[in-house]
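Chains as they are written, first to last, in our numbering: chain A, 1 to 198; chain B, 1001 to 1467.
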């Protein structure tokens, strides 16, 4: 499966999307959920926001080819649509650094091998300014050490242990990990009164 | 030590601790719909995997289906293709589908409780964030992404970290004209859209205890809007009475055994929480959102707040919201002109919601400039409402009476805002573009408030109409 490999460290150019509470409807409007495949979603990431705002970073040639997205608070709140991280991934995003994340979104990202690291507000603002000033500068997102490096600066950035271990150990492919439990699944179900029909 | 419902349900469904430190959690009920499953079934087919517990998996069609003309093939070829995929996948994997021919089709979060599939003490998953709704009966219910849908189909499990638990107490009693929707909108106003991140919410206190099951469903539905991973109400006699006689609840002696189990999963007196928040129910008035996330709301007698009164980090979002909505700081929300009125959705598409809206609809006619839609949450809700003559009440007043579906909550079918239309909506999200037009505007409120706005053409304090 596509995510069956380790994601200890990601290095690439940055792209800043400022503002808090950017929801998954904004990342990918619902009309793009009508496709029965995820292919082709990349070009529609932030579709309406891009149309309404010519200055939107996803419109800017300066950020083309970027892979580290830097965002504000509560990024990806709202709908559980995996189409949101799928669209970002297919656009080229490989790691996200932000103030905080909608939980379903962050979980969907990890399954796709995209780490979502949290950093303090002042560091986020500094990163966004710095990327705007020098979009070509490489940023390293170090999942193992829980830090983000740009130039000489090292920023402490965290993510919960569970998903971090999944990324570092290459066990993001949850289906095969869960299948390993084997008959213990049916055994657990068998102990539940409602499964037995009371 | 006294334990919470979350503790008990989590422990009973734990298969094992994963190497990552997360829990492998058994999912007792998997609900699926046409929009977030085709890719999951495709992955399953590619991996040559079966559905692990087909008897614990149920599907319906809700997100994309038209609510006016449901003749197949659907006029929208993409909707038709999604429906065909759903039919094919449900057949290929031998799963139960509640489609239109069954009379049980509807919004997945309306039909789960209605059919008695949703029961206390269960773990429930569905590829939709409003799965938190099912917590109203005392279940732990998670919205998940499509790859996780694949996980549940293939393994009947999820890899999850146990959330922290916040008890949200609503004290006192509600005033007339104030409804469950106002309660949850006010909770989100007070705790914020980020306030619940990392938490499950246990709703408690006298206001919650007095609520009917349909009201509790409305409250739990919007837990995700407050950032919480899930939300629940402890099962009590109201829960038991609601579940008695439902299609999928046990009957006879098995029902009595079920009741013992259901009541046994409730949080025990003296249990401790990671956090407790308290809201004074008596101070809640009808709530209306004015902005672009569900926290941006005011009481109907209040004015839109100023960005300058906010913490600096929040000001840009506030300014963006004012610009999108075309509102000025300091402007009263009451009197704001609307173009569209929508009663429906998994938040407020149940029979009691339609009854309240109909009560208001009897007092006038839809304003000339307003397009008003009533979309029942399920075929069974529609049938019950029609048996009471509510459809006629609505038609007489100038509302459109539609067939069951998600409709204008997210505008994936033909029910969309046009251009910058302003919508008074009983749904759950006021995000930019949410109701189908990239520039459309949404004011969230209770079904009673939507009906009141429909007949006056502006945001109105429903208490003045009820007086």
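Every residue, glycine too, gets a C-beta built ideally from N, C-alpha and C. Because the structure is a prediction, the values reported are computed rather than measured.
Chain B contact for residue i (CB, 8 angstroms cutoff)
i: residue 53 (chain A); result: no
i: residue 103 (chain A); result: yes
i: residue 41 (chain A); result: no
i: residue 121 (chain A); result: yes
i: residue 133 (chain A); result: no
i: residue 116 (chain A); result: no
i: residue 34 (chain A); result: yes
i: residue 198 (chain A); result: yes
i: residue 93 (chain A); result: no
i: residue 75 (chain A); result: no
i: residue 38 (chain A); result: yes
Inter-residue Cα distance where the pair is residue i and residue j
i: residue 3 (chain A); j: residue 111 (chain A); result: Bear in mind that the predicted position of residue 3 (chain A) carries a pLDDT of just 47, short of 50, making it too unreliable to give a figure here.
i: residue 41 (chain A); j: residue 90 (chain A); result: 7 angstroms
i: residue 1165 (chain B); j: residue 1274 (chain B); result: 5 angstroms
i: residue 1269 (chain B); j: residue 1002 (chain B); result: 7 angstroms
i: residue 1069 (chain B); j: residue 1331 (chain B); result: 40 angstroms
i: residue 1379 (chain B); j: residue 1103 (chain B); result: 6 angstroms
i: residue 1452 (chain B); j: residue 1462 (chain B); result: 6 angstroms
i: residue 1267 (chain B); j: residue 125 (chain A); result: 42 angstroms
i: residue 1435 (chain B); j: residue 152 (chain A); result: 45 angstroms
i: residue 1333 (chain B); j: residue 1326 (chain B); result: 12 angstroms
i: residue 105 (chain A); j: residue 1389 (chain B); result: 42 angstroms
i: residue 1361 (chain B); j: residue 1460 (chain B); result: 13 angstroms
i: residue 1 (chain A); j: residue 1443 (chain B); result: Low local confidence applies: a pLDDT of 38 at residue 1 (chain A) is under 50, so the model's placement there is unreliable, with the coordinate-based value given in what follows. Each residue's alpha carbon lies about 43 angstroms from the other.
i: residue 1278 (chain B); j: residue 78 (chain A); result: 24 angstroms
i: residue 1101 (chain B); j: residue 1056 (chain B); result: 21 angstroms
i: residue 1369 (chain B); j: residue 1148 (chain B); result: 44 angstroms
i: residue 1155 (chain B); j: residue 44 (chain A); result: 32 angstroms
i: residue 145 (chain A); j: residue 1259 (chain B); result: 50 angstroms
i: residue 1440 (chain B); j: residue 1446 (chain B); result: 19 angstroms
Range covered by the alpha helix (DSSP H) that runs through residue i
i: residue 144 (chain A); result: Looking at the DSSP string, residue 144 (chain A) is not in any alpha helix (DSSP H), and its letter there is neither H nor E.
i: residue 1108 (chain B); result: 1108 to 1114
i: residue 1429 (chain B); result: From DSSP, residue 1429 (chain B) is part of no alpha helix (DSSP H); its letter is neither H nor E.
i: residue 1284 (chain B); result: Careful: residue 1284 (chain B) lies outside any alpha helix (DSSP H) and carries neither H nor E.
i: residue 1316 (chain B); result: 1315 to 1325
Chain A within 8 angstroms of residue i, Cβ atoms only
i: residue 1403 (chain B); result: no
i: residue 1261 (chain B); result: yes
i: residue 1317 (chain B); result: yes
i: residue 1254 (chain B); result: yes
i: residue 1438 (chain B); result: yes
i: residue 1431 (chain B); result: yes
i: residue 1544 (chain B); result: With chain B covering 1001 to 1467 only, the question about residue 1544 (chain B) has no answer from this structure.
i: residue 1030 (chain B); result: no
i: residue 1159 (chain B); result: yes
i: residue 1060 (chain B); result: no
i: residue 1164 (chain B); result: no
i: residue 1408 (chain B); result: no
Residue i and residue j closer than 8 angstroms at C-beta
i: residue 1350 (chain B); j: residue 1214 (chain B); result: yes
i: residue 1297 (chain B); j: residue 1427 (chain B); result: no
i: residue 1035 (chain B); j: residue 88 (chain A); result: no
i: residue 1231 (chain B); j: residue 1123 (chain B); result: no
i: residue 1262 (chain B); j: residue 1119 (chain B); result: yes
i: residue 1196 (chain B); j: residue 1245 (chain B); result: no
i: residue 1208 (chain B); j: residue 1130 (chain B); result: no
i: residue 1385 (chain B); j: residue 1354 (chain B); result: yes
i: residue 1404 (chain B); j: residue 1042 (chain B); result: no
i: residue 1107 (chain B); j: residue 1377 (chain B); result: yes
i: residue 1247 (chain B); j: residue 1112 (chain B); result: no
i: residue 1144 (chain B); j: residue 80 (chain A); result: yes
i: residue 1085 (chain B); j: residue 1109 (chain B); result: no
i: residue 1527 (chain B); j: residue 1030 (chain B); result: Because chain B is modelled from 1001 through 1467, residue 1527 (chain B) falls outside the range shown and cannot be assessed.
i: residue 29 (chain A); j: residue 47 (chain A); result: yes
i: residue 72 (chain A); j: residue 19 (chain A); result: yes
i: residue 1094 (chain B); j: residue 1054 (chain B); result: yes
i: residue 1281 (chain B); j: residue 1183 (chain B); result: yes
Continuous beta strand (DSSP E) stretch holding residue i: start and end
i: residue 1462 (chain B); result: Premise fails: residue 1462 (chain B) lies in the alpha helix (DSSP H), 1462 to 1466, not in any beta strand (DSSP E).
i: residue 1236 (chain B); result: No beta strand (DSSP E) contains residue 1236 (chain B), which DSSP labels as neither H nor E.
i: residue 172 (chain A); result: Taken as a continuous stretch (DSSP letters only), residue 172 (chain A) belongs to no beta strand (DSSP E), as it is neither H nor E.
i: residue 1024 (chain B); result: 1023 to 1026
i: residue 1126 (chain B); result: 1123 to 1126
Inset, instruction - Would you list, in chain order, the members of the segment 1011 to 1026 of chain B that have their beta-carbon closer than 8 angstroms to a beta-carbon of chain A? - result: Within the segment 1011 to 1026 of chain B, those residues whose Cβ lies closer than 8 angstroms to any Cβ of chain A are, in chain order, 1012, 1013, 1014, 1015, 1016, 1018, 1019, 1020, 1021, 1022, 1024 and 1026.
Inset, instruction - Mind checking the segment 1194 to 1218 of chain B against chain A and listing, in chain order, the residues whose C-beta falls within less than 7 angstroms of any C-beta there? - result: Under the 7 angstroms Cβ criterion, the segment 1194 to 1218 of chain B contributes 1194 and 1197.
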